[in-house]
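Letter by letter, the sequence shown follows residues 2 to 295 of our numbering.
Ideal Cβ positions, reconstructed from N, Cα and C, are used throughout, including at glycine.
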Amino acid sequence: MTERSQKHNPGAFGGLEPPDCDYETAAIAVLPIPYDGTSTWIKGADRGPAALLEASANMELYDIETDSEVYQRGITTLPPVQCPADPGEMAKCVYSAARRVIDDSKFLVGIGGEHSVSSGLVRAVYERFDGLSVLQLDAHSDLREEYDGSPFNHACVMARIKEYCPIVQVGVRSMDSLEKKNLDLDRVLFAHEWFDHPDPLGWINVRLSENVYLTIDLDIFDPAVMPSTGTPEPGGLWWYDVMRIISGVAAQKNIVGFDVVELCQDPTNKAPDFMAAKLIYRTLSMIFKKEKQQ
(Lines of atoms letter the chains of each structure in order from A and count residues from 1; the text may use other names and numbers.)
(Lines give C-alpha, C1' and ligand atoms only; values in the text may rest on other atoms or scores of the structure.)
Protein backbone atom coordinates (compact mmCIF):
# COMPACT_ATOMS: atom_id res chain seq x y z
CA MET A 1 0.00 0.00 0.00
CA THR A 2 1.20 3.48 -0.85
CA GLU A 3 1.37 5.76 2.18
CA ARG A 4 -0.46 9.07 1.82
CA SER A 5 0.86 12.37 3.03
CA GLN A 6 -0.78 13.65 6.19
CA LYS A 7 -1.35 16.91 4.28
CA HIS A 8 -4.31 15.97 2.11
CA ASN A 9 -5.35 17.96 -0.92
CA PRO A 10 -8.49 19.86 0.18
CA GLY A 11 -11.39 19.60 -2.24
CA ALA A 12 -9.99 16.57 -4.05
CA PHE A 13 -11.79 13.25 -3.77
CA GLY A 14 -9.86 11.02 -1.39
CA GLY A 15 -7.62 13.95 -0.50
CA LEU A 16 -5.47 12.85 -3.43
CA GLU A 17 -2.40 14.81 -4.42
CA PRO A 18 -0.56 14.93 -7.75
CA PRO A 19 0.08 12.83 -9.72
CA ASP A 20 -2.87 10.70 -8.50
CA CYS A 21 -5.36 13.54 -9.13
CA ASP A 22 -3.94 14.94 -12.39
CA TYR A 23 -6.61 15.34 -15.06
CA GLU A 24 -4.39 14.35 -17.97
CA THR A 25 -3.58 10.89 -16.62
CA ALA A 26 -6.66 10.11 -14.51
CA ALA A 27 -9.02 7.35 -15.62
CA ILE A 28 -11.81 8.66 -13.37
CA ALA A 29 -13.31 12.16 -13.15
CA VAL A 30 -15.46 13.28 -10.22
CA LEU A 31 -17.90 16.07 -11.09
CA PRO A 32 -19.43 17.96 -8.12
CA ILE A 33 -22.86 19.51 -8.82
CA PRO A 34 -23.97 21.64 -5.85
CA TYR A 35 -27.59 22.19 -6.89
CA ASP A 36 -30.63 22.32 -4.62
CA GLY A 37 -33.06 24.31 -6.72
CA THR A 38 -36.09 22.00 -6.70
CA SER A 39 -35.93 20.15 -3.38
CA THR A 40 -39.24 20.22 -1.55
CA TRP A 41 -38.50 19.39 2.07
CA ILE A 42 -35.08 19.17 3.74
CA LYS A 43 -32.64 21.61 2.17
CA GLY A 44 -28.88 21.24 2.01
CA ALA A 45 -28.16 19.11 -1.07
CA ASP A 46 -26.16 22.01 -2.51
CA ARG A 47 -23.71 21.51 0.37
CA GLY A 48 -23.53 17.77 -0.22
CA PRO A 49 -20.62 17.65 -2.69
CA ALA A 50 -18.30 19.74 -0.50
CA ALA A 51 -19.21 17.72 2.60
CA LEU A 52 -18.61 14.44 0.78
CA LEU A 53 -15.27 15.57 -0.60
CA GLU A 54 -14.13 16.78 2.80
CA ALA A 55 -15.07 13.45 4.39
CA SER A 56 -13.42 11.45 1.60
CA ALA A 57 -9.98 12.70 2.65
CA ASN A 58 -10.32 10.49 5.73
CA MET A 59 -10.88 7.21 3.87
CA GLU A 60 -8.36 4.41 3.72
CA LEU A 61 -7.56 3.98 0.04
CA TYR A 62 -7.06 0.22 0.24
CA ASP A 63 -10.37 -1.61 -0.24
CA ILE A 64 -10.47 -4.88 1.68
CA GLU A 65 -13.27 -6.63 -0.19
CA THR A 66 -11.81 -6.08 -3.65
CA ASP A 67 -8.17 -6.21 -2.50
CA SER A 68 -7.49 -3.13 -4.59
CA GLU A 69 -6.42 0.52 -4.53
CA VAL A 70 -8.51 2.06 -7.28
CA TYR A 71 -7.05 5.53 -6.69
CA GLN A 72 -3.95 4.28 -8.50
CA ARG A 73 -5.96 4.52 -11.72
CA GLY A 74 -6.06 8.27 -11.11
CA ILE A 75 -9.09 10.14 -9.76
CA THR A 76 -9.36 13.79 -10.72
CA THR A 77 -11.87 16.15 -9.09
CA LEU A 78 -13.29 18.84 -11.34
CA PRO A 79 -14.42 22.31 -10.26
CA PRO A 80 -18.06 22.35 -9.15
CA VAL A 81 -20.58 23.00 -11.91
CA GLN A 82 -21.90 26.55 -11.61
CA CYS A 83 -25.61 25.83 -11.81
CA PRO A 84 -28.26 28.39 -12.77
CA ALA A 85 -31.38 28.35 -10.62
CA ASP A 86 -33.71 27.18 -13.39
CA PRO A 87 -33.68 23.35 -13.43
CA GLY A 88 -33.93 23.11 -17.21
CA GLU A 89 -30.93 25.39 -17.67
CA MET A 90 -29.11 23.52 -14.90
CA ALA A 91 -29.57 20.24 -16.79
CA LYS A 92 -27.97 21.81 -19.88
CA CYS A 93 -24.96 23.01 -17.87
CA VAL A 94 -24.50 19.59 -16.27
CA TYR A 95 -24.79 17.92 -19.67
CA SER A 96 -22.07 20.15 -21.13
CA ALA A 97 -19.70 19.51 -18.22
CA ALA A 98 -20.33 15.76 -18.33
CA ARG A 99 -19.91 15.60 -22.08
CA ARG A 100 -16.45 17.16 -21.85
CA VAL A 101 -15.42 14.47 -19.36
CA ILE A 102 -16.75 11.67 -21.55
CA ASP A 103 -15.17 13.11 -24.70
CA ASP A 104 -11.84 12.97 -22.86
CA SER A 105 -12.41 9.23 -22.24
CA LYS A 106 -12.77 9.58 -18.47
CA PHE A 107 -15.08 7.45 -16.32
CA LEU A 108 -17.72 9.87 -15.03
CA VAL A 109 -18.81 10.09 -11.38
CA GLY A 110 -21.38 12.76 -10.57
CA ILE A 111 -21.90 14.05 -7.02
CA GLY A 112 -25.17 15.85 -6.26
CA GLY A 113 -26.88 17.92 -5.41
CA GLU A 114 -30.46 16.80 -5.62
CA HIS A 115 -31.62 14.15 -8.04
CA SER A 116 -32.57 16.51 -10.85
CA VAL A 117 -28.85 16.77 -11.73
CA SER A 118 -28.90 13.20 -13.04
CA SER A 119 -30.82 14.09 -16.19
CA GLY A 120 -27.88 15.98 -17.68
CA LEU A 121 -25.42 13.28 -16.66
CA VAL A 122 -27.44 10.45 -18.16
CA ARG A 123 -28.03 12.35 -21.40
CA ALA A 124 -24.28 12.79 -21.89
CA VAL A 125 -23.53 9.13 -21.20
CA TYR A 126 -26.45 7.97 -23.37
CA GLU A 127 -25.00 9.78 -26.38
CA ARG A 128 -21.66 8.03 -25.93
CA PHE A 129 -22.65 4.42 -25.16
CA ASP A 130 -24.91 2.35 -27.38
CA GLY A 131 -27.88 0.53 -25.89
CA LEU A 132 -27.64 2.21 -22.49
CA SER A 133 -29.98 1.30 -19.65
CA VAL A 134 -30.22 3.03 -16.27
CA LEU A 135 -30.35 1.33 -12.88
CA GLN A 136 -31.99 3.60 -10.31
CA LEU A 137 -31.47 2.83 -6.61
CA ASP A 138 -33.96 5.09 -4.87
CA ALA A 139 -36.73 5.28 -2.29
CA HIS A 140 -38.88 7.26 -4.74
CA SER A 141 -39.99 6.50 -8.27
CA ASP A 142 -39.41 10.11 -9.46
CA LEU A 143 -41.86 9.58 -12.33
CA ARG A 144 -44.04 12.66 -12.06
CA GLU A 145 -44.62 14.46 -15.35
CA GLU A 146 -44.18 17.80 -13.61
CA TYR A 147 -43.93 19.12 -10.08
CA ASP A 148 -44.08 22.67 -8.77
CA GLY A 149 -44.62 23.80 -12.35
CA SER A 150 -41.46 22.21 -13.78
CA PRO A 151 -40.91 18.98 -15.75
CA PHE A 152 -37.27 19.07 -14.56
CA ASN A 153 -38.00 18.90 -10.83
CA HIS A 154 -36.18 16.21 -8.86
CA ALA A 155 -39.53 14.38 -8.59
CA CYS A 156 -39.60 14.11 -12.40
CA VAL A 157 -36.04 13.06 -13.17
CA MET A 158 -36.74 9.44 -14.09
CA ALA A 159 -39.75 10.42 -16.19
CA ARG A 160 -37.42 12.58 -18.28
CA ILE A 161 -34.74 9.88 -18.55
CA LYS A 162 -37.35 7.23 -19.37
CA GLU A 163 -38.35 9.22 -22.47
CA TYR A 164 -35.21 8.05 -24.28
CA CYS A 165 -33.59 5.35 -22.14
CA PRO A 166 -34.94 2.17 -20.47
CA ILE A 167 -34.77 2.16 -16.68
CA VAL A 168 -34.82 -0.43 -13.90
CA GLN A 169 -35.88 0.79 -10.44
CA VAL A 170 -34.89 -0.86 -7.15
CA GLY A 171 -35.77 0.10 -3.59
CA VAL A 172 -38.85 2.21 -4.31
CA ARG A 173 -41.13 2.59 -1.30
CA SER A 174 -42.84 5.95 -1.83
CA MET A 175 -44.71 7.45 -4.78
CA ASP A 176 -47.77 9.42 -5.78
CA SER A 177 -50.72 7.60 -7.33
CA LEU A 178 -50.37 9.77 -10.46
CA GLU A 179 -46.98 8.14 -11.11
CA LYS A 180 -48.54 4.71 -11.55
CA LYS A 181 -49.28 5.36 -15.21
CA ASN A 182 -45.55 5.87 -15.85
CA LEU A 183 -44.50 2.87 -13.78
CA ASP A 184 -43.47 -0.33 -15.57
CA LEU A 185 -44.20 -2.94 -12.92
CA ASP A 186 -42.02 -5.49 -14.68
CA ARG A 187 -39.03 -3.17 -14.24
CA VAL A 188 -39.42 -2.07 -10.62
CA LEU A 189 -38.41 -4.05 -7.53
CA PHE A 190 -40.06 -2.38 -4.57
CA ALA A 191 -38.17 -2.25 -1.29
CA HIS A 192 -40.58 -4.64 0.43
CA GLU A 193 -40.05 -7.14 -2.41
CA TRP A 194 -36.25 -6.97 -2.19
CA PHE A 195 -36.06 -8.61 1.21
CA ASP A 196 -38.12 -11.67 0.21
CA HIS A 197 -37.15 -12.05 -3.44
CA PRO A 198 -35.54 -15.44 -4.22
CA ASP A 199 -33.09 -14.02 -6.78
CA PRO A 200 -33.04 -10.21 -6.78
CA LEU A 201 -29.70 -9.93 -8.59
CA GLY A 202 -30.86 -12.25 -11.35
CA TRP A 203 -34.07 -10.23 -11.64
CA ILE A 204 -32.10 -6.99 -11.97
CA ASN A 205 -29.45 -8.19 -14.41
CA VAL A 206 -31.85 -9.83 -16.85
CA ARG A 207 -33.60 -6.47 -17.28
CA LEU A 208 -30.46 -4.42 -17.86
CA SER A 209 -28.60 -4.03 -21.13
CA GLU A 210 -24.85 -4.56 -21.40
CA ASN A 211 -24.01 -0.88 -20.86
CA VAL A 212 -25.44 0.45 -17.60
CA TYR A 213 -25.54 3.85 -15.93
CA LEU A 214 -26.11 3.72 -12.18
CA THR A 215 -27.92 6.52 -10.34
CA ILE A 216 -27.90 6.23 -6.56
CA ASP A 217 -30.19 8.40 -4.48
CA LEU A 218 -28.92 8.08 -0.93
CA ASP A 219 -32.46 7.62 0.34
CA ILE A 220 -32.22 4.07 -1.03
CA PHE A 221 -30.67 3.43 2.39
CA ASP A 222 -32.72 3.18 5.54
CA PRO A 223 -32.58 6.49 7.43
CA ALA A 224 -31.16 4.63 10.42
CA VAL A 225 -27.86 4.53 8.51
CA MET A 226 -28.36 7.46 6.11
CA PRO A 227 -30.43 10.21 7.73
CA SER A 228 -28.91 13.09 5.73
CA THR A 229 -31.20 13.07 2.70
CA GLY A 230 -33.85 15.39 1.35
CA THR A 231 -36.71 12.96 2.02
CA PRO A 232 -35.69 10.08 4.32
CA GLU A 233 -38.07 7.12 4.01
CA PRO A 234 -38.34 4.23 6.49
CA GLY A 235 -37.93 0.66 5.33
CA GLY A 236 -34.83 1.17 3.23
CA LEU A 237 -31.96 -1.08 2.26
CA TRP A 238 -28.81 -1.52 4.32
CA TRP A 239 -25.17 -1.05 3.36
CA TYR A 240 -24.50 -4.62 2.33
CA ASP A 241 -27.81 -4.88 0.47
CA VAL A 242 -26.70 -2.03 -1.76
CA MET A 243 -23.16 -3.40 -2.04
CA ARG A 244 -24.63 -6.72 -3.15
CA ILE A 245 -26.59 -5.00 -5.91
CA ILE A 246 -23.66 -2.97 -7.20
CA SER A 247 -21.24 -5.88 -7.01
CA GLY A 248 -23.68 -8.19 -8.78
CA VAL A 249 -24.32 -5.73 -11.58
CA ALA A 250 -20.64 -4.80 -11.95
CA ALA A 251 -19.75 -8.48 -12.31
CA GLN A 252 -22.23 -9.07 -15.13
CA LYS A 253 -22.57 -5.72 -16.89
CA ASN A 254 -20.47 -2.79 -18.10
CA ILE A 255 -21.15 0.10 -15.71
CA VAL A 256 -20.12 3.14 -17.74
CA GLY A 257 -20.80 5.90 -15.21
CA PHE A 258 -22.70 6.65 -12.04
CA ASP A 259 -23.87 9.36 -9.70
CA VAL A 260 -24.57 9.69 -5.99
CA VAL A 261 -27.16 12.32 -5.13
CA GLU A 262 -29.29 13.84 -2.36
CA LEU A 263 -26.69 14.14 0.40
CA CYS A 264 -27.98 16.94 2.63
CA GLN A 265 -25.17 17.98 4.91
CA ASP A 266 -25.87 17.93 8.63
CA PRO A 267 -23.01 19.76 10.39
CA THR A 268 -23.74 17.84 13.60
CA ASN A 269 -23.38 14.39 11.98
CA LYS A 270 -20.52 13.70 9.60
CA ALA A 271 -21.06 9.93 9.41
CA PRO A 272 -23.45 10.18 6.42
CA ASP A 273 -20.91 12.32 4.54
CA PHE A 274 -18.25 9.67 5.08
CA MET A 275 -20.65 6.88 4.13
CA ALA A 276 -21.47 8.61 0.84
CA ALA A 277 -17.77 9.04 0.08
CA LYS A 278 -17.12 5.40 0.91
CA LEU A 279 -20.02 4.39 -1.35
CA ILE A 280 -18.37 6.12 -4.29
CA TYR A 281 -14.96 4.61 -3.58
CA ARG A 282 -16.32 1.10 -3.07
CA THR A 283 -18.38 1.34 -6.26
CA LEU A 284 -15.30 2.41 -8.22
CA SER A 285 -13.34 -0.43 -6.63
CA MET A 286 -15.89 -2.99 -7.79
CA ILE A 287 -16.14 -1.58 -11.31
CA PHE A 288 -12.41 -1.32 -11.92
CA LYS A 289 -11.61 -4.65 -10.26
CA LYS A 290 -13.65 -6.35 -12.99
CA GLU A 291 -11.73 -4.42 -15.65
CA LYS A 292 -8.42 -5.51 -14.10
CA GLN A 293 -9.50 -9.16 -14.11
CA GLN A 294 -10.36 -9.13 -17.82
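Check: Is the region 134-142 touching the region 100-107 in the sense that three or more CB pairs, one from each, lie closer than 8 Å?; Outcome: no
Check: Quick check on K163: buried or exposed, where buried means 16 or more other Cβ atoms within 10 Å of its Cβ?; Outcome: buried
Check: Under 8 Å: do the region 83-103 and the region 182-199 share three or more Cβ pairs, one atom per stretch?; Outcome: no
Check: Is it true that the CB of T78 sits closer than 8 Å to the CB of A125?; Outcome: no
Check: Touch check for the region 281-292 and the region 153-163: three-plus C-beta pairs under 8 Å?; Outcome: no
Check: So for V169, helix, strand or coil by DSSP?; Outcome: strand
Check: Over what stretch of residues does the beta strand (DSSP E) that includes A156 continue unbroken?; Outcome: No beta strand (DSSP E) holds A156; DSSP gives it neither H nor E.
Check: Verify the CB distance criterion: does T232 have a CB-CB separation below 8 Å to chain D?; Outcome: Within the model displayed, chain D is absent; a lone protein chain is all it includes.
Check: Excluding the 5 residues preceding and the 5 following Y24 in the sequence, name in chain order all residues of the same chain whose CB lies nearer than 7 Å to its CB.; Outcome: T77
Check: By the 10 Å Cβ neighbour count, where 16 or more other Cβ atoms means buried, how is I65 classified, buried or exposed?; Outcome: exposed
Check: Looking only at its own chain, which residues have a Cβ that is under 7 Å from the Cβ of F130, when we skip the five neighbours before and after it?; Outcome: N212 and V257
Check: Could you tell me the distance, in whole angstroms, from the CA atom of I29 to the CA atom of A252?; Outcome: 19 Å
Check: Using only CA atoms, which one of P235, L133, A51 and T26 lies nearest to Y36?; Outcome: A51
Check: Am I right that L238 and G172 are in contact with their C-beta atoms under 8 Å? What's the rounded C-beta distance?; Outcome: 6 Å
Check: Looking only at its chain, what residues have a beta carbon closer than 8 Å to the beta carbon of A56, apart from the 5 residues adjacent to it on each side?; Outcome: K271, D274, F275, A277 and A278
Check: Could you check the C-alpha separation between L209 and V169 for me, to the nearest Å?; Outcome: 7 Å
Check: On the CB-based measure, 16 or more other CB atoms within 10 Å of its CB, does W42 come out buried or exposed?; Outcome: exposed
Check: Given a cut-off of 8 Å, decide if V226 and W204 are closer than it, judged by their beta-carbon atoms.; Outcome: no
Check: Take T284 as the anchor and find which of L186, D197, V207 and S248 has the nearest alpha-carbon.; Outcome: S248
Check: Find out if the Cβ-Cβ distance for the pair D21, Y96 is shorter than 8 Å.; Outcome: no
Check: Ordered along the chain, which non-local residues of its own chain (more than five positions away) have a Cβ less than 6 Å from that of P201?; Outcome: W195
Check: Return the chain-ordered list of same chain residues with a C-beta closer than 7 Å to the C-beta of M60, the five sequence neighbours on each side being excluded.; Outcome: G15, A278, K279 and Y282
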